[in-house]
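Trainee: One structure follows; several queries about it will come next.
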Amino acid sequence: MSSRVKQLRKQLAVAAISVIMACVALGSATYAWFAFNNTVSARTATVTAMANGMTLQIVAGTTPDHGKDNDTVAFDSTTAHEISPSSTDDAKTWFVPASWGDGALVTSYQLANGLDAATGQYAVGGKTFYAYNVSTYTVYTVRDTGIADVYLDGSADEGAVSVTSNGQPLSDKVARSMRIGISTVDAQGNETLKVVYAPSEPAGSGNDAYSRQNGIAGWTAVADASSTKVVTYKHLFGTTYVDQNGGNWAATKNGKNFDAPVDNPAALATHVDYNGVILKVYIWLEGTDADCVNTAASAVDEGLSYDVTLRMVGTNSQ
355 MSSRVKQLRK QLAVAAISVI MACVALGSAT YAWFAFNNTV SARTATVTAM ANGMTLQIVA
415 GTTPDHGKDN DTVAFDSTTA HEISPSSTDD AKTWFVPASW GDGALVTSYQ LANGLDAATG
475 QYAVGGKTFY AYNVSTYTVY TVRDTGIADV YLDGSADEGA VSVTSNGQPL SDKVARSMRI
535 GISTVDAQGN ETLKVVYAPS EPAGSGNDAY SRQNGIAGWT AVADASSTKV VTYKHLFGTT
595 YVDQNGGNWA ATKNGKNFDA PVDNPAALAT HVDYNGVILK VYIWLEGTDA DCVNTAASAV
655 DEGLSYDVTL RMVGTNSQ
């Protein structure tokens with residue numbers, strides 16, 4: 355074994371990874387859970403993933419690039435498209451409104467018809483919409499440098515996950531109703547939603563009759579054709595990286611290295627090796643969120659872009 359590889363193992367160092375999704379939002383439309391002709395344009399531009407280090411690397415797509423063992427930048431250029439508010443509890447089943455009642459409250463729901471899982475595209479009434487944006491990555495280790503567990507970067511000054519425009523933090527209704535879901539895909543192709551992040555803690559009931567009548571508020575999603583519910587997925591918000599069950603999803607920096615959480619560690623991916631683990635990152639606007647309500651176009655900067663940055667690090671596998 356070379357001295358260079360020995361040094362890499364000794365350092366226990368694993369890279370910091372940033373996944374950056376640039377979104378252009380709103381255009382001349384209004385923003386509403388209850389109007390299909392009013393959509394939020396979230397045009398995904400270049401999705402960039404960077405691994406700064408020699409041990410853990412990341413590429414766009416499902417195939418590790420073993421031709422490099424240095425700093426890696428992966429570009430995921432996807433087709434630009436709009437996203438409309440949708441709702442999910444597992445990033446597999448996606449609901450959209452079906453009917454409205456008094457006060458334009460949503461009274462029933464339907465599955466996103468003919469959903470294309472690869473793009474989030476579906477159709478309603480002969481029109482095409484998108485429930486989400488999704489990007490696929492593979493994280494993997496350099497040959498002979500060990501096995502890593504992947505966590506959010508709890509030491510990042512900007513936060514492990516951030517929503518910005520031109521480098522400035524955003525906290526408008528669009529940003530507050532965003533959800534960023536991270537899932538893993540195993541060797542058999544089975545996908546598991548690991549955790550969901552919101553820029554701020556959801557509060558209150560959305561534009562849904564069932565939620566308002568039954569006091570369902572906060573972290574909510576559509577349950578079935580006629581009701582909503584409190585979500586079952588693990589969730590984080592702001593700079594709070596401990597989920598509702600006490601799982602800690604963030605590693606902390608210790609010198610040049612990162613330490614896994616001591617209590618209740620909750621890794622995005624474990625035992626990541628040379629063959630890699632596939633990660634998927636979903637971005638959607640949660641329709642049942644209290645902030646996913648109508649916003650006049652005149653109140654929105656039509657040129658505003660939304661950049662979602664996800665920062666991950668690795669530790670020696672436990």
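Numbered per our numbering, the sequence shown spans residues 355 to 672.
Even glycine gets a Cβ: it sits at the ideal position worked out from N, Cα and C.
Out of V584, A579, V635, D578, which one is the CA nearest neighbour of G705?
Mentor: The shown model of the chain, from 355 to 672, leaves out residue 705, and the question about it has no answer.
Trainee: When DSSP labels each residue in this structure, what does D503 get in the three-state scheme?
Mentor: strand
Trainee: Report all residues from its chain with a CB closer than 8 Å to the CB of D503; omit the five preceding and five following residues, and keep chain order.
Mentor: A614, P619, A621, A623, T624, H625, V626, G668, T669, N670, S671, Q672
Trainee: CB V517 to CB Y660, shorter than 7 Å?
Mentor: In contact: V517 and Y660 (Cβ atoms closer than 7 Å).
Trainee: If I measure Cβ to Cβ from T594 and keep anything under 8 Å in the same chain, skipping five residues before and after, which residues do I get?
Mentor: Same-chain partners within the cutoff: E555.
Trainee: For a test of the three-state rule: what should DSSP assign to V635, helix, strand or coil?
Mentor: strand
Trainee: Identify the continuous alpha helix (DSSP H) that holds Q567 and give its terminal residues.
Mentor: 563-568
Trainee: Which word fits D443, buried or exposed, when buried means at least 16 other C-beta atoms lie within 10 angstroms of its C-beta?
Mentor: buried
Trainee: Is G457 helix, strand or coil by DSSP?
Mentor: helix
Trainee: Do you know how far the Cα of E436 is from the Cα of A399?
Mentor: Only weak support exists for where A399 lies, its pLDDT of 34 falling under 50; the value from the coordinates is given anyway. Across the structure, A399 and E436 are spaced so that their CA atoms are roughly 11 Å apart.
Trainee: Does A529 come out as helix, strand or coil in the three-state DSSP assignment?
Mentor: It is helical.
Trainee: Within a Cβ cutoff of 8 Å, which residues of the same chain sit near A557, ignoring the five residues on either side of it in sequence?
Mentor: Taken in chain order, the residues that qualify are A571, G572, A644.
Trainee: Helix or strand or just coil, what does DSSP make of G381?
Mentor: Model confidence at G381 stands at a pLDDT of 28, short of 50, so the residue's coordinates are unreliable and nothing is read from them.
Trainee: Once you ignore the five residues that flank V538 on each side, which residues in its own chain have a CB closer than 8 Å to its CB?
Mentor: In the sequence on display, residue 538 carries Thr and not Val. Correct list, in chain order: E545, T546, K548, L622, A623, V631, I632, L633, K634.
Trainee: Is the stretch 451-462 close to the stretch 589-605, with three or more CB pairs under 8 Å?
Mentor: no
Trainee: Roughly how many whole angstroms lie between the Cα atoms of Y476 and K588?
Mentor: 26 Å
Trainee: For A414, count the other beta carbons within 10 Å of its own beta carbon; 16 or more makes it buried, fewer makes it exposed. Which is it?
Mentor: buried
Trainee: Measuring only the C-alpha atoms, how far is Q464 from M532?
Mentor: Taking the CA atoms as reference points, Q464 sits about 21 Å from M532.
Trainee: If I measure Cβ to Cβ from A529 and keep anything under 7 Å in the same chain, skipping five residues before and after, which residues do I get?
Mentor: V517, P553, Y660
Trainee: I need the boundaries of the beta strand (DSSP E) containing E640, first residue and last residue.
Mentor: Unbroken run through E640: none, as it is neither H nor E.
Trainee: Take A579 and list the residues in its own chain whose beta-carbon comes closer than 6 Å to its own, dropping the five residues that flank it on each side.
Mentor: S462, Y463
Trainee: What are the partner residues of Y587, as DSSP defines its beta bridges?
Mentor: In the DSSP output, where bridge partners are listed per residue, Y587 has none listed.
Trainee: Residues in its own chain within less than 8 Å of T447 by CB, not counting five upstream and five downstream?
Mentor: L465
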